[in-house]
Every structure is written in structure tokens, then in C-alpha cells.
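What follows is a short report on a single structure.
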Amino acid sequence: MAIDKIWVVAEATEAGPTTITLELLTAARGLASTVEAVAWGTTTAANAAVLGEYGASTVHDIGDIGDALPGAPVASAIAAAIASGAGPTAILVPTSYDGRDIAGRLSARADLPVLTNITGLVGGDELTTQHPIFGGAQIVNARFTGQAPGIFVVRAKSFAAESAGGAPAAVSPLAVGDLGATNAAAVVTRHIEERTGPKLDEAPVVVSGGRGLGEAANYSLIEELAKLLNGAAGASRAIVDAGWVPYSHQVGQTGKTVKPTVYLACGISGATQHMVGMKGSKNIIAINKDQDAPIFGVADLGIVGDVHKVVPALIEALKAR
Amino acid sequence: MASSAYIELMNVVVCVKQIPDPAAPQSLEPGTNTLDRSGKLILDDSDAYGVEMALQLAEQAGGGEVTLVSMAPNDETSGLRTALAMGAASAILISDPALKGADALTTAKVLAAAIKRTNADLIIAATESSDGYTGTTPVQVAELLGLPSITFAKSVSVDGSSVKVERQTESGYDDVTSPLPAVVTVTAGVVEPRYPSFKGIMAAKSKPVEILTAADLGVTTGQTGQEITSVVEAEARAAGEIVVDEGDGAQRIVSFLEALKLV
Ligand SMILES: Cc1cc2nc3c(=O)[nH]c(=O)nc-3n(C[C@H](O)[C@H](O)[C@H](O)COP(=O)(O)OP(=O)(O)OC[C@H]3O[C@@H](n4cnc5c(N)ncnc54)[C@H](O)[C@@H]3O)c2cc1C
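This is how it looks when you write it as C-alpha cells:
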């Protein structure tokens, strides 16, 4: 079946639609003649201009979901639209905490399979998906064989967001289906971790530290270096699990995908699950004392050396300029 | 499954996956292009956290049982024995050649049908498996069972008839509560998994493992609705310059950044 209408699950924060939402709208424009968004919360009308600018002609508004998690209500609304014949031929969902909930619930509710960890979509009569495996060394191409719509869960930074200069999207209400007990979880309090400087997934320079730093206190070197380069500080999962830095710093398969101009890996071995989150960086610099560390396989500049020497020297050199 | 009354004994089901050792080289099976699972399978590290969490919650509630539910294409139980040795009471293994290459939704249907046979107050799973990392199966299970779910838990506690979770978010975390029964997915680090004791390992050998087929559970197999069309090598990055630090490492990095006009 030709792909004529794509729905994009559109997440938003107080600052407006998330970057990945705009990336998915941009991608959808190149794949289908009609692109529409599905949104929830109290800011949908305010976001209609941006959603339209990036290509959505209509935004289906589920409305305020109160303190509920989005998974159940959003999935039920989309499933009801599909059941009534008013659904799309493909649904693009962001790989995010709520996006994965929505995709999973929708899949079960509408009895449709789901493809996840997508980093590329090729259009035509049907959509072909691309999924990196083994740390991005190989790409799996896949497709849906059954009934439409397919549910495509796409990773951040798979596409660049580009404005189409479109008119504001028309806002159209979308009713939530019967939820039973599925919607019983409620958010009681939200905790926002303070972070200064550019966001990890948007910074032009990312300086990441790993277990090679030796101890938690040494992470301050990574932060100082990141600051000197107007960048963001990242981390491998090893030091996140060890409690040295919050999870929001994690780069990789279960963390953030970053594609900065320069990624500087300090004391990180280059496990496949780390590489999949940073291999798309334009330039990669690695400092590791083990010349056989896999990270050197993707590095444009590799320094075989001790982070405890090279990083402080680098900080001094930058400060001296 | 349990009904949502005040819970005195905490019965927890943990969905666990047995996977090829991630430390060993991985490969795809020619022909099917699915991950080669023919070797020895071990308990997915990601699931050790869920097993530990479940054991601690049952202990804190003053009693109750931890039951494992797992799906594997062959009669593999070595990963289950690890979790039984940690302290789980019993396991249900759905083992069926017809489930080889099953997609996430089929897997969820199988797990949900098995969980229905238990008396679960709480169902715990990892946020995603280490080998397939689809990351949707637990929520699909929740939807199939008509239950609420809280994903990405970095802390879990149970209080009477409700579960409280610190759920990771983009900007920090949320406190989220849900009545039981519910599905919770846990992240690595939610608790520190215990090592099985010698006594635990011995006891695990005689703990009950019920082996079922998809047909026993009334789940239709063989339709995944998706297929792999090809597997290709990713574009390799051009080889870089790797140099041993002779005291000039920092300066080389500065020059590299200068060329990019970043300093
Ligand atoms: C399902 C799953 C998901 C995962 N997701 C992620 C993810 O999202 N992100 C992620 O990062 N990981 C992830 N991992 C973990 C990953 O497999 C690795 O364990 C982790 O990336 C290793 O972190 P590391 O490189 O800091 O530590 P290590 O692998 O221990 O490497 C430390 C490195 O530091 C070097 N070193 C030591 N001392 C020095 C020194 N003085 N100077 C210079 N170098 C030194 C060593 O040579 C070594 O190469 C995941 C794993 C699984 C199973």
C-alpha cells in the first residue's frame, strides 16, 4: 500500500515541540503527501504554528491528560482512530520515555507490530527501515509485511529538522478510547535536575568521561574541559551506573544519541552500546591508555595516553590562550 | 492475577530473558538474519536488577513469592537457574520452536498469557533486553493484561496496595504512583543484584520450572508482520591518526580543535 498519510506522535515541553518531533515531521514530509501530528497536554493550540511550520497540516489534539502518563491515553486515541478507518498509513514515534510507552501500548491495543531503534527510513510504495546493530557496524534493513499502519519508533538525530515554512496546523480534537485500569498510574511530583551550559544532545562539542577517570571526583575535569570548549559533559554508562554522574549525562544505546562537531572521549573503551550513541559525530577524539581500545577504531585523532596527564594539560593549554 | 485489594503477601512476577553472552562475539544466522542464539544462553544482566528488586520487595512485604516468566526457543534453563539461585521460587518457561524469531508483540502475548496463570501483584521487567533492545515488550504485556505501567524506574517501593516509582525523564525524574497490580520496568542500577550463594545454587537445582508451549497458552505463532530484507555493512569511518602521548598529546588536540575553528 502506498504511504499517503503519516501521523507523527508530537511530544512537547514547556519550550514547545521537542527537537525529535520536528525531526520526524521533516522526515515524514519526504515520505508522504499528507503529514499530521498527534499531540496531548495543554499547549497543543500554542504549538500548532511550529508543528505546521515543520509540515503538519493538522494536529490531532487529545487534550489535557492531567497527571496521567501519556502511554495509555495517547495509544487508545490513535487505536480508536485506526479502528474507525480514520487512521494514517504509517505512524512515526520518537524513541523517548513516553514515546516507547505509546508505541508499545498502541501495538498491543491495535494488534499491530512495531519496529524500533530506527535510524533511517526509505520511502516509496512502502517504507523500509534501517536499524544499526553491533554498535553501528552493520545496518539491518526491514519492513512491515502485514496490515497498515506500521508503527515506526525512530531514534533522535536520525534526521535533521528543517522548517518547511508551512502554515499553522489545523487543530482537530481526537477522543481517548476506553482505558479501564491501564491509565491508573499518576505523576505526583516532577523533579528537574539543574544543568548549566548547552544541552548534551545539541552541543557542538561533547566531552565524555568513562571508567578510565578512576574516581568520581575526577569528573570535574570533564566538566571544566567541556565548559572551556562551550560544550556539554557526557558519560559512559559505567560511570552513570557507578553513581558518579546522573543518568541524563549518559551517551549510548540506553542514553542520548549525540552528533556534535567534536566528540572527545576520555577513558572510555568504546563498547558497542556506547558507540551507537556517538559514532555519528563529525569528528571523534579519544584519549585512552590502551592502544587496542575499540574507541580508537572510530577516532579521527587518538591519543594513547593517561587521562590524568592529558586532560589537565589540555585544560591548561586552553586556559593559557 | 491478583485483584487490587490490600496486599499482605507480595507476589512478584519477573519477566527474564536468556540471551547469548554479550561479552562473546555476536553474529546473525545466515538465512533468517536473526541473532544466533544457538550457543549457551545466560540470564540477561539487565534482568538481574528486576530479580533483585522483586526479591527485596517480597522480603520487605514480609512474604510472598517471586516467579520468573521467560520465553526461549529451546528448552534453555541455565539463565533461569541463575535467577532461581538468587532466590526466585519458581519459573514458567515458554519454550517452543515455533517462537523462534518471534517479534515483540508475539513475545508479549506469550508472556501475558503466562502471567495470567500466576497470582501476580506486581510484574517487573527490564526497560529493554541487552540483545534485542526493542524496548516495548513490557508495555505491550501491560496493555494486553489491561494493567497500568510505569517504565524506566530508578527506584521502586510498595506501600500497601500501591507502587511508588522514581521514573527517569529527559530532565530528571518524576515520582509516579500506581495501584497494584501493575507492570514496572527497571533500569540498571535500581538495586545492586546479589550474587547467588552456594546454598542458593544448590537449592535452585530442585526448584520447579514449568515448561509450556505457545499452544498450551493459546497464542498463535508464525505471524510477525515484519521482515528483515537485508543486512549491510555500515559505511566505515576513515582511519584516523593514532599517536602515543609523548607529552604532546594535549597540544595535538588543541591543533585539531584549531583546524575546526573551535578554539
Ligand atoms: C543493554 C546494555 C545497554 C548499554 N547501554 C550503554 C549506553 O547507553 N552507554 C554506554 O556508555 N554504555 C552502555 N552499556 C555498557 C557498555 O557495554 C560498557 O560497559 C560501557 O560503555 C563501558 O564504559 P567505559 O568505557 O567507561 O568503561 P570500560 O569499558 O571499563 O573502559 C574504561 C577505559 O578506560 C581506559 N583507561 C583506564 N584508565 C585510564 C587512564 N588512566 N587513562 C586513559 N584511559 C584509561 C581503559 O583502557 C578502558 O578502555 C550498555 C550495556 C548493555 C548490556
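Listed in order, the protein sequences are those of chains Z and V.
End of the first sequence = 321 in the working numbering, gap-free, step of one.
End of the second sequence = 1263 in the working numbering, gap-free, step of one.
No residue lacks a Cβ here, since even glycine has one placed at the ideal position from N, Cα and C.
Everything numeric in this text was worked out from a predicted model, so none of it was measured.
DSSP puts Pro94/Z in a beta bridge; with which residues?
Mapped onto the first sequence, residue 94/Z falls at position 94. DSSP lists Val154/Z as partners of Pro94/Z.
Looking at Arg100/Z and ligand 1, is the gap between the Cβ and the nearest heavy atom below 8 Å?
Position 100 of the first sequence, counting from 1, holds the residue named residue 100/Z. No, Cβ of Arg100/Z sits at least 8 Å from all heavy atoms of ligand 1.
Do Tyr1049/V and ligand 1 come close, with the Cβ less than 8 Å from some heavy atom?
Sequence index remark: in the second sequence, residue 1049/V carries index 49 (1-based). No, the beta carbon of Tyr1049/V sits no closer than 8 Å to any heavy atom of ligand 1.
Going along the chain, which residues put their C-beta within less than 5 Å of some heavy atom in ligand 1?
The set, ordered by position in the chain, is Gly210/Z, Arg211/Z, Gly212/Z, Ser236/Z, Arg237/Z, Ala238/Z, Gly252/Z, Gln253/Z, Thr254/Z, Gly255/Z, Gly267/Z, Ile268/Z, Ser269/Z, Ala271/Z, Gln273/Z, His274/Z, Asn288/Z, Lys289/Z, Asp290/Z, Ala293/Z, Asp306/Z, Val307/Z, Ser1130/V.
Taking Cβ-Cβ distances shorter than 8 Å, what residues in chain Z pair up with Ile1228/V?
In the second sequence, residue 1228/V corresponds to position 228, counting from 1. Per Cβ cutoff of 8 Å: Val140, Asn141, Ala142.
Please list the residues of the stretch 1189 to 1204 of chain V that have a C-beta atom closer than 9 Å to any C-beta atom in chain Z, keeping them in chain order.
Listed by position, the residues of the stretch 1189 to 1204 of chain V near chain Z (Cβ gap below 9 Å) are Gly1189.
Taking just the CA atoms, how far does Ser1178/V sit from Gly146/Z?
Position 146 of the first sequence, counting from 1, holds the residue named residue 146/Z. Position 178 of the second sequence, counting from 1, holds the residue named residue 1178/V. Approximately 35 Å, taken between the alpha carbons.
Please classify Asp1096/V as buried or exposed, where buried requires at least 16 neighbouring CB atoms within 10 angstroms.
Position 96 of the second sequence, counted from the start, is the residue given in the question as residue 1096/V. The residue in question, Asp1096/V, is buried, as its Cβ has 16 or more Cβ neighbours within 10 Å.
Quick check: what's the CA-CA separation for Thr1213/V versus Ser1157/V?
Working through the second sequence from its first residue, we reach residue 1213/V at position 213. Working through the second sequence from its first residue, we reach residue 1157/V at position 157. Thr1213/V and Ser1157/V: Cα-Cα distance of roughly 34 Å.
Considering only the beta carbon of each residue, do Gly150/Z and Leu174/Z sit closer than 9 Å?
Indexing the first sequence from 1 puts residue 150/Z at position 150. Indexing the first sequence from 1 puts residue 174/Z at position 174. The answer is no: Cβ separation not under 9 Å.
In chain V, which residues lie with their C-beta within 9 Å of the C-beta of Gly255/Z?
Taking the first sequence and counting its residues from 1, one reaches residue 255/Z at position 255. What Gly255/Z touches in chain V: nothing, since even the nearest Cβ is about 10 Å away.
Measuring only between beta-carbons, confirm whether Thr116/Z sits less than 9 Å from chain V.
In the first sequence, counting from the first residue as 1, residue 116/Z sits at position 116. So yes, Thr116/Z belongs to the interface.
Quick one: which chain Z residues come within Cβ less than 7 Å of Thr1082/V?
Within the second sequence, the letter at position 82 stands for residue 1082/V. Per Cβ cutoff of 7 Å: no residues; Thr1082/V is ~20 Å from chain Z at best.
Is there a Cβ of chain V sitting closer than 9 Å to that of Lys309/Z, yes or no?
Taking the first sequence and counting its residues from 1, the one referred to as residue 309/Z is at position 309. Yes - at least one Cβ of chain V is within 9 Å of the one on Lys309/Z.
Decide if the stretch 103 to 111 of chain Z is in contact with the stretch 150 to 166 of chain Z; the criterion is three or more beta carbon pairs, one per stretch, under 8 Å apart.
With a cut-off of 8 Å, the stretch 150 to 166 of chain Z and the stretch 103 to 111 of chain Z count as touching, because enough Cβ pairs lie within range.
Could you pull out every residue in the same chain whose Cβ sits closer than 6 Å to the Cβ of Thr1224/V, ignoring the five residues on either side in sequence?
As a first step, residue 1224/V is located in the second sequence; it is residue number 224 there, counting from the start. Excluding positions up to five away in sequence, the list reads Asp1103.
Within 9 Å of any Cβ in chain V, is that where the Cβ of Glu223/Z sits?
Against the first sequence, residue 223/Z aligns to sequence position 223. No, Glu223/Z lies away from the interface with chain V (no Cβ there is under 9 Å from its Cβ).
Within 9 Å of any Cβ in chain A, is that where the Cβ of Leu1262/V sits?
Of the protein chains in the structure, Z and V, none is chain A.
Along chain V, which residues have their Cβ under 7 Å away from the Cβ of Gly136/Z?
The residue given as residue 136/Z occupies position 136 in the first sequence. Under the 7 Å cutoff, chain V gives Ala1234.
Here's the rule I'm using: 16 or more other beta-carbon atoms within 10 Å means buried, otherwise exposed. How should Ser1078/V be labelled?
For the purposes of this step, residue 1078/V is identified with residue 78 of the second sequence, where counting begins at 1. It is exposed - the Cβ of Ser1078/V has fewer than 16 other Cβ atoms within 10 Å.
Between the stretch 36 to 60 of chain Z and chain V, which residues of the former have CB atoms less than 8 Å from a CB of the latter, in chain order?
The stretch 36 to 60 of chain Z vs chain V, Cβ under 8 Å: nothing.
What did DSSP end up calling Gln291/Z once you bin it into helix, strand or coil?
Reading the first sequence from its first residue, position 291 is the one you call residue 291/Z. Coil.
Along the beta strand (DSSP E) that carries Asn141/Z, what are the first and last residues, could you check?
Numbered from 1 along the first sequence, position 141 holds the residue referred to as residue 141/Z. Here the beta strand (DSSP E) through Asn141/Z covers 138 to 144.
Whole angstroms are fine: how far does the CA of Leu264/Z sit from the CA of Thr1185/V?
For the purposes of this step, residue 1185/V is identified with residue 185 of the second sequence, where counting begins at 1. For the purposes of this step, residue 264/Z is identified with residue 264 of the first sequence, where counting begins at 1. Thr1185/V and Leu264/Z: Cα-Cα distance of roughly 32 Å.
Determine the chain V residues that contact Phe159/Z at a beta-carbon separation under 7 Å, and present them in chain order.
Counted from its first residue, the first sequence places residue 159/Z at position 159. The contacting residues do not exist; Phe159/Z stays about 17 Å from chain V at best.
Under DSSP, the alpha helix (DSSP H) around Glu224/Z begins and ends at which residues?
Taking the first residue of the first sequence as position 1, residue 224/Z is located at position 224. Glu224/Z -> alpha helix (DSSP H) spans 219 to 228.
Might you give, ordered along the chain, the residues of its own chain that have their beta carbon closer than 6 Å to the beta carbon of Ala185/Z, omitting 5 neighbours on each side?
Numbered from 1 along the first sequence, position 185 holds the residue referred to as residue 185/Z. Excluding positions up to five away in sequence, the list reads Leu69.
Out of Pro246/Z, Glu126/Z, Gly252/Z, Val298/Z, state which residue places its alpha-carbon closest to the alpha-carbon of Gln1226/V.
Residue numbering aside, residue 1226/V sits at position 226 when the second sequence is read from its first letter. Cα-wise, what sits closest to Gln1226/V is Glu126/Z.
Given this structure, state the Cα-to-Cα distance separating Ala80/Z from Gly177/Z, to the nearest angstrom.
Within the first sequence, residue 80/Z is the residue found at index 80, counting from 1. Within the first sequence, residue 177/Z is the residue found at index 177, counting from 1. Their backbone Cα atoms lie some 6 Å apart in a straight line.
Name the two residues that bound the continuous beta strand (DSSP E) containing Glu36/Z.
As a position in the first sequence, residue 36/Z is number 36, starting the count at 1. Run containing Glu36/Z: 34 to 39, per the beta strand (DSSP E) assignment.
Assign Ser1171/V to one of three DSSP states: helix, strand, or coil.
Walking along the second sequence from the start, residue 1171/V turns up at place 171. Ser1171/V: coil per DSSP, three-state reduction.
Apart from the five residues on each side of it in sequence, which residues of its chain come closer than 6 Å, Cβ to Cβ, to Ile1092/V?
As a working note, residue 1092/V is residue 92 in the second sequence. Closer than 6 Å at the Cβ level, and outside the excluded window around Ile1092/V, lie Val1069, Ala1114, Glu1210.
Please list the segments of the beta strand (DSSP E) lying wholly inside the stretch 206 to 280 of chain Z, counting only runs of 3 or more residues, in order along the chain.
Runs of the beta strand (DSSP E) inside the stretch 206 to 280 of chain Z: 232 to 235, 262 to 266.
Can you give me the C-alpha to C-alpha distance between Ala1215/V and Lys1017/V, rounded to a whole angstrom?
By 1-based counting over the second sequence, the position of residue 1215/V is 215. By 1-based counting over the second sequence, the position of residue 1017/V is 17. Cα-Cα distance, rounded: 20 Å.
Looking at C-alpha atoms only, which residue of Gly1050/V, Ala1061/V, Glu1235/V, Ala1083/V is the closest neighbour of Ile1042/V?
Position 42 of the second sequence, counted from the first residue, corresponds to residue 1042/V. Among Gly1050/V, Ala1061/V, Glu1235/V, Ala1083/V, the Cα nearest to that of Ile1042/V belongs to Ala1083/V.
Taking the Cβ atom as the reference point for each residue, do Gly71/Z and Gly104/Z lie within a distance shorter than 9 Å?
Position 71 of the first sequence, counted from the first residue, corresponds to residue 71/Z. Position 104 of the first sequence, counted from the first residue, corresponds to residue 104/Z. Cβ atoms of Gly71/Z and Gly104/Z: closer than 9 Å.
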